[in-house]
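Every letter in the sequence shown is one number past the one before it in the working numbering, and letter 149, counting from 1, is 159. For every residue, glycine included, the Cβ atom is placed at its ideal position computed from N, Cα and C. Okay, so here's the structure we're looking at.
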Amino acid sequence: LWNYLQSMSITYARLTRISVIALNRSSPILYSIKSLNLSHNSLRLLNKNFSFYFPSVEQLDLSHNRLILLGQRTLSNFLHLKELFLHDNRLKHLHPDSIPRQSLQRLNLNGNLWHCSCRNIQSLALSRPLPTCRTPSIYFNQNVSDIARQCLL
């Protein structure tokens with residue numbers, strides 16, 4: 011029955027990393043998962059091929075972790091991703107191509123340590139609720155939409 015598993019939730023487990031070796035061994039099980047909840051753990055980094063092991067995921071919750079970086083290819087294989095929750099992590103930068111936008115309908119980036127600049131403001135502006143900036147100091151606690159308007163000028 012593992013082949014029919016559509017939802018996986020591993021929360022409050024103090025996970026610090028996701029083992030690629032373990033994923034390689036269990037990959038046939040993971041192909042049908044549509045909802046993956048890894049919130050409330052201690053994840054700091056995700057393997058660059060993380061999305062490869064969950065090709066059918068539509069909802070991904072990585073909120074309330076310690077993520078410091080989201081690589082450009084980390085989420086690239088999530089072609090059906092509709093909801094992505096990355097709020098309450100330690101993210102500062104977001105590469106414009108790191109969020110798969112093909113089918114994305116809901117994105118939450120709030121509660122991170124965002125460094126706001128005209129380079130990453132467009133990606134941050136996709137979030138609901140809109141995040142606030144932490145750095146540089148001239149943008150501290152300003153709403154992303156305010157910064158976006160300044161960048162357009």
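Relative to residue 162, the option among 139, 130, 138 whose CA is nearest is 130. Along the length of the stretch 66-108, whole beta strand (DSSP E) runs at least 3 residues long occupy 69-71, 93-95, reported in chain order.
The beta carbons of residue 59 and residue 25 sit about 17 Å from each other, so the pair does not count as a contact at 8 Å. For residue 48, the secondary structure class from DSSP, reduced to helix, strand or coil, is coil. Counted as a single uninterrupted DSSP element, the beta strand (DSSP E) harbouring residue 117 occupies residues 116-118. In the DSSP annotation of this structure, the continuous segment of the alpha helix (DSSP H) that includes residue 155 starts and ends at 154-162. Sequence-distant partners of residue 128 (beyond 5 residues in either direction) whose C-beta falls short of 6 Å from its own C-beta, in its chain, are 161. Taking the CA atoms as reference points, residue 75 sits about 30 Å from residue 159. Taking the C-beta atoms as reference points, residue 138 is found nearer than 8 Å to residue 117.
By alpha-carbon distance to residue 95, the top candidate from 152, 83, 110 is 110.
For residue 137, there is no enclosing alpha helix (DSSP H), as DSSP gives it neither H nor E. It is roughly 11 Å from the alpha-carbon of residue 57 to the alpha-carbon of residue 79. The DSSP-derived three-state label of residue 29 is coil. Across the set 47, 70, 55, 108, the C-alpha of 55 shows the shortest separation from the C-alpha of residue 30.
With respect to the 8 Å criterion, residue 89 and residue 112 are classified as neighbours on the basis of their beta carbons. Taking residue 45 as reference, the option from 126, 69, 120, 64 with the minimal CA-CA separation is 69.
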